[in-house]
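Take a look at the structure below.
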Amino acid sequence: MDYRFIRRWGWWAAVLALALAACGRGGGSGAGESGSGPVRVATTLSVFADFVRQVGGERVTVVTLVPAGADPHTYQPAPRDVQRLTTVRAVFVNGAGLEGGLRDLIEHNLPRGATLVELSAGLTPITYTPEEVGPADSGAGHGPEEGVNPHFWLDVKNAQHYVRRIRDTLVEVDPEGREAYTANADRYLAELDALDAEIRAKIATIPPERRKLVTFHDAFPYFARAYGLQLVGYVLRAPGREPSAQEIKELSAVLRREQVKTVYKEPQLNAKVLERAAADAGVRVDVLYSDALTKDVPTYVAMMRRNADALVRGLA
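Written out as structure tokens, the structure is:
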């Protein structure tokens, strides 16, 4: 069964439903209308919504299309979710193929005058060829830009690039808030500098020969490159299919050969396969966060700090 085909047409069903609803109420410019309340913007992921709140403060209201704790690779919004786009002034997406059909949905329902911002634009991506796959992966990509890993924000320096793009966009759509946006961004960028140094110090406590990372989902190459970890393997490059028994066997062999102490799942993904491989190899399973915030990690800073602690706990 072609999962991506079904998923794509699921998005377009939502697009059609929303278009029909818009016809019924006569449309509207949304972003072209001025008001005295907060600037209304949207993001695809809860991580990006946190960035916007840090920079926008009380001047901005954020709509998150993919709910906190949901898997952005498989989440399909209902028409009522997408209708929230009708009054936004800007929409922040990651780009690099992460959003897949959701990107099409946004582009076809962006209000007149609203700005669509690709947060990863200008960053150098980590790429792979179809042959460059994990020990239990067939090479399925994230979306239209297959061959590019989209998880830039897991390197704090890249997250700072996102924050600067958000700041510049908010200043553009709400010039009266320039001073507030600039001050908030400066404060948050300094906080991220401190976070980056904290993560480096924590990872440095792990002996170099033990800095081997195995995850369910190939979300961590930017984190690994930034903080000196070796990516040994993963179950799937992107969620959306079940690995074969042979792939599970191969992953178990990798865990034994590399003498990995702990493997990592993500809370929004079904990681039973990784847990089976870990049990077979006699290694522990812990949690890393990537795409989605939760009540346990309600902010990006909390998420990254929790990840660093989990790596020290599992690998040191």
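Here our numbering is used: the first residue of the sequence shown is 57, the next is one more, and so on. We put the CB at the ideal spot given by N, CA and C, even for glycine.
- Closest in C-alpha terms to glycine 370, from the list Pro299, Val343 and Met360, comes Val343.
- Under the DSSP assignment, threonine 99 falls outside any alpha helix (DSSP H), being part of the beta strand (DSSP E) whose first and last residues are 95–99.
- Pairing arginine 223 with arginine 332, the inter-Cα distance amounts to about 44 Å.
- Take the alpha-carbon of alanine 275 and the one of leucine 269: they are about 11 Å apart.
- Residues Val95 and Arg115 of the same chain have their beta carbon placed closer than 7 Å to that of aspartate 230, with the five preceding and five following residues left out of the count.
- Residue nearest to asparagine 240 within the set Gly93, Phe107, Leu101 and Arg256 is Phe107 (criterion: CA-CA distance).
- Taking 3 residues as the minimum length, the beta strand (DSSP E) runs contained wholly in the stretch 241–285 are 268–273, in order along the chain.
- A residue is called buried when at least 16 other Cβ atoms come within 10 angstroms of its Cβ; arginine 221 meets this threshold and is buried.
- Taking 4 residues as the minimum length, the alpha helix (DSSP H) runs contained wholly in the stretch 115–161 are 135–138, in order along the chain.
- Taking a cut-off of 8 Å for Cβ pairs, the stretch 303–310 and the stretch 241–250 do not touch, as fewer than three such pairs fall below it.
- If you look at aspartate 342, you'll find it in the beta strand (DSSP E) that goes 340–343.
- In the three-state DSSP reduction, leucine 349 falls in the coil class, being neither helix nor strand.
- The residue from Thr130, Glu174, Val219 and Val173 with its alpha-carbon nearest to that of arginine 109 is Val219.
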